[in-house]
Structure formats: structure tokens, C-alpha cells
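First residue of the sequence shown: 8, per our numbering; consecutive thereafter.
Only one structure is covered here, and it is reproduced in the block below.
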Amino acid sequence: MHAMQYALTLPADYDMRIIRHRVESKGHLLDDFPGLGLKAYGIRERGVDGSPVNQYAPFYLWADPEAMNRFLLGDGFRGVVRDFGRPTVQHWQGLFHRPGPASDAAPRAFTRRTETLAERADLATVVADAVAGHEELAATDGVHTTALAFDPRHWELVHFTLWTDGAPQSAGDRFQVLHLSAPGTGRLGAGQQW
């Protein structure tokens, strides 16, 4: 599994109905994309749930890294670049993925929290503790899916969770989910560590 996200920060007065319409008309195009575990089409709106910005920031879990490359080099992402410019694409190696008790319901929100690992931290211990936290989180009511991933370039962990109801404020940056494409969640390796 690989996790990936890019964020398009939009002007404060941007009409977010444009993004909503874009997702409504094009979101289904990835519903059967081979190698995609899931894509949560996330937005933040300035002044809603504490967001300081308008932002379109989809989050992906890829079952196959070659599929991630096909997407980034293909027509769908080419359209994003044409309309908004080429965004910085963050990606992380998968450490853990687990569906939650609400995995059959449509998620309404997701949270993403990035944790920079301290210079002197014992990495194995930090990761083991983070995995244990996600194991516990995966059993929480309202959790659709939770995942943990790692970036050894910047020495950070990313904590990602889909929620069927509103996301807790303490869980990190909160995004509204406009659509979920999930053609391969079963191939992500639920509960596995890499």
C-alpha cells in the first residue's frame, strides 16, 4: 500500500460549488481504477470546521504503486494540472490499513494528521505505538477506514482516517468527503504491517 495526497489551496473567495460539481461529474471515473484501493475526494472550506483555507485535497490509498504512476501520468491527473497547475504530490509507504466497524457506510469526513519523528526517537518503538493506536482506532464506532503510512525522506508518519459522521477535532486536519472511489480496499492488506 502507498498513501498519496495533493492539496489545491484556492482563493478565499473561490466558489467551492465548482469543486463540488467537478467531483459530482468526474468522481465516478475512478470507481473501477485498477490498483486503486480508495480515493477520498476531500475538501476544506474556509471558516467551516476551523479550516483557514478553501482547499481540494483528495487522499488516496494505492494497492499497487504502478497504478499510482499510471494515474499521475494519465489523462485524469493531466486535467488537474491543466485546470489548477501541477501540485506537489506527497506520498508515503504504507505501514497499516484496517477497515472499521462502519466500513459498509458512506464516509462523510476524513482526517489527516502528520507526525514528524523526533531525531532521537527509536523508530521501531514509535511505529509500533502508532500501529497499536490505529488497531484501537479501527474498532471505534463511526470509523470507516484507518491507515498509517511513513515517509523516510522527511521522517514523518501520516495518520489517515475516514469517518461516517463528523470527525473529532482532535484527530487532525478535517476534510469533508464528497465522493469515495473504493475499487480495491480488499487488496490493501487490511491489518497488515509492511
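We put the beta carbon where it would ideally sit given N, CA and C, even for glycine.
Note that the structure is predicted; figures quoted are calculated from it, not measured.
Residue i versus residue j: straight-line alpha-carbon distance, rounded
i: Gln176; j: Gln183; result: 13 angstroms
i: Arg120; j: Leu130; result: 18 angstroms
i: Asp158; j: Val96; result: 13 angstroms
i: Ala64; j: Arg181; result: 11 angstroms
i: Leu187; j: Ala74; result: 17 angstroms
i: Ala156; j: Leu80; result: 23 angstroms
i: Ala189; j: Lys46; result: 6 angstroms
i: Asp4; j: Ala146; result: No answer is possible for residue 4: the residues shown for the chain start at 8 and end at 201.
i: Tyr67; j: Arg53; result: 23 angstroms
i: Asp136; j: Gly42; result: 29 angstroms
i: Thr16; j: Val55; result: 15 angstroms
i: Phe78; j: Met8; result: 15 angstroms
i: Tyr21; j: Arg127; result: 43 angstroms
i: Ile50; j: Gly191; result: 22 angstroms
i: Leu185; j: Tyr48; result: 5 angstroms
For residue i, the first and last residue of its enclosing alpha helix (DSSP H)
i: Leu79; result: Pro72 to Leu79
i: Ser32; result: Arg24 to Lys33
i: Gly83; result: Asp82 to Phe91
Whole-Å CB distance - residue i paired with residue j, under 8 angstroms assumed
i: Leu217; j: Thr132; result: Any answer about residue 217 is impossible in this case: the structure gives the chain only from 8 up to 201.
i: Leu169; j: Pro114; result: 4 angstroms
i: Asp14; j: Gly101; result: Position check: residue 14 holds Ala in this sequence, whereas Asp was assumed. Not a contact, Cβ separation roughly 20 angstroms.
Beta-ladder partner(s) of residue i, from DSSP
i: Pro106; result: Thr152
i: Glu126; result: DSSP lists no partner for Glu126.
i: Gly101; result: Ala156
i: Leu17; result: Asn61
i: Asp180; result: Arg119
Boundaries (first-last residue) of the beta strand (DSSP E) holding residue i
i: His141; result: Note, His141: premise wrong, no beta strand (DSSP E); alpha helix (DSSP H) at Leu130 to Leu144.
i: Glu52; result: That residue, Glu52, is in no beta strand (DSSP E); it is neither H nor E in DSSP.
i: Phe40; result: Run containing Phe40: none; DSSP gives neither H nor E here.
Check your understanding: Touch check for the segment 22-31 and the segment 74-85: three-plus C-beta pairs under 8 angstroms?
Key -> For the pair of segments examined, the segment 22-31 was found not to touch the segment 74-85: the number of CB pairs separated by less than 8 angstroms stays below three.
Review point. Is the segment 101-111 close to the segment 29-42, with three or more CB pairs under 8 angstroms?
Key: no
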